[in-house]
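Per this note's numbering, residue 17 is the first one in the sequence shown, and the count goes up by one each step. For each residue, glycine too, the CB sits at the ideal point set by N, CA and C. So the structure is just underneath, and the comments pick up after that.
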Amino acid sequence: MTALENRPGVRTPEQGGVPLTTEPRAPREAAGHVDTTAPAFTPDTNPLDVIRWALEAHPDLLMPSAFNLNGVVLLDLAARAGYRGEVVFVDTGFHFPETLQTRDRLAARYPEMTFVTLNAGAHPEDGQTPPDLYASDPDACCAVRKVAPLQAYLREKAPSALLNARSRDQASTRADIPFVETGGARVKINPLAHWTRERLEAYARDHGLPVNPLYFDGFLSVGCWTCTRAVRPGEDARAGRWAGKGKTECGLWAGENRL
Numbered sequence: 017m018t019a020l021e022n023r024p025g026v027r028t029p030e031q032g033g034v035p036l037t038t039e040p041r042a043p044r045e046a047a048g049h050v051d052t053t054a055p056a057f058t059p060d061t062n063p064l065d066v067i068r069w070a071l072e073a074h075p076d077l078l079m080p081s082a083f084n085l086n087g088v089v090l091l092d093l094a095a096r097a098g099y100r101g102e103v104v105f106v107d108t109g110f111h112f113p114e115t116l117q118t119r120d121r122l123a124a125r126y127p128e129m130t131f132v133t134l135n136a137g138a139h140p141e142d143g144q145t146p147p148d149l150y151a152s153d154p155d156a157c158c159a160v161r162k163v164a165p166l167q168a169y170l171r172e173k174a175p176s177a178l179l180n181a182r183s184r185d186q187a188s189t190r191a192d193i194p195f196v197e198t199g200g201a202r203v204k205i206n207p208l209a210h211w212t213r214e215r216l217e218a219y220a221r222d223h224g225l226p227v228n229p230l231y232f233d234g235f236l237s238v239g240c241w242t243c244t245r246a247v248r249p250g251e252d253a254r255a256g257r258w259a260g261k262g263k264t265e266c267g268l269w270a271g272e273n274r275l
């Protein structure tokens, strides 16, 4: 039984609840290229081995995170592998309180890492964008409130690689990502590329990880409250993000300005 199924009051797939399989809902974007200088990892490679290699190959490794299920699992694996760097989160001003609380719980659990919040204290009426820009132009809202702050920070820090928690079964736009990816401004390390949601849930349960409580209500991918809903039967894990907007990515990992 998965953590989702085990949550009181949440329906299993057989009861009409959230299924544990994903279905494509958008065309794939051209993926980054496999880094041919990296070891010949296989789908069965332990993520710990990928992270340990990354720490040796890229001592300046940096981890951005939004503290979704994948991110929480990656944090724990990274800690076990010896990561002692920064965990960078962008406060858009529209995050659910549960997301900020999850960040604080993780920071307390992993004091060996440095948790950095960019745009700390942002709020809908802080003047960065019109308060309703998320509805009229979600791409522009993401670009200003999420992508730009992280891009500016990365230009300052200039890490050679990013450790991130994307996996292939999150969405069709991510179905081909490799463990080590080139393309964009820097190398992307994707240790969880081949892990399924069932495996991620089992790891989180077995290790008692502080998963965002919204996950158990069907929010399988949590972004801003203005643009996130619970997923429905037959949808992939990221279908609740920007639903009805023709948008599947915030711009950090896909598009002209990807990291």
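- The beta carbon of A156 lies closer than 7 Å to those of L149 in the same chain, with the five residues before and after it left out.
- Taking C-beta atoms under 8 Å as the contact rule, D92 and L225 qualify, at a distance of about 6 Å.
- Within the DSSP secondary-structure output, A177 pairs in a beta bridge with V203.
- Residue pairing from DSSP places V196 in a beta bridge opposite I205.
- For V66, the enclosing alpha helix (DSSP H) begins and ends at P63 to A73.
- In this structure, P63 sits near L208, with a CB-CB distance shorter than 8 Å.
- Classified as exposed, P113 has fewer than 16 neighbouring CB atoms from the shown chains inside 10 Å of its CB.
- Here T115 has A82, F83, N228, L230 and V238 as same chain residues with Cβ atoms under 8 Å from its own Cβ, once five neighbours each way along the sequence are excluded.
- Sorting P147, R100 and P154 by C-alpha distance to the C-alpha of W258 places P154 at the top.
- Nearest in C-alpha terms to D60, of all of T212, H139 and R202, is T212.
- Cα atoms of L179 and G87: separation of roughly 10 Å, rounded to the nearest angstrom.
- In the displayed model, V163 falls within a helix according to three-state DSSP.
- Rounded to the nearest angstrom, the gap between the Cα atoms of E214 and A174 is 35 Å.
- Inter-residue distance for Q167 and R202 is about 12 Å (C-alpha atoms, whole angstroms).
- Around the beta carbon of A56, fewer than 16 other beta carbons sit within 10 angstroms, so the residue counts as exposed.
- One thing to note: Q144 has its Cβ no nearer than 8 Å to the Cβ of R119.
- The secondary-structure analysis by DSSP pairs F131 across a beta bridge with V103.
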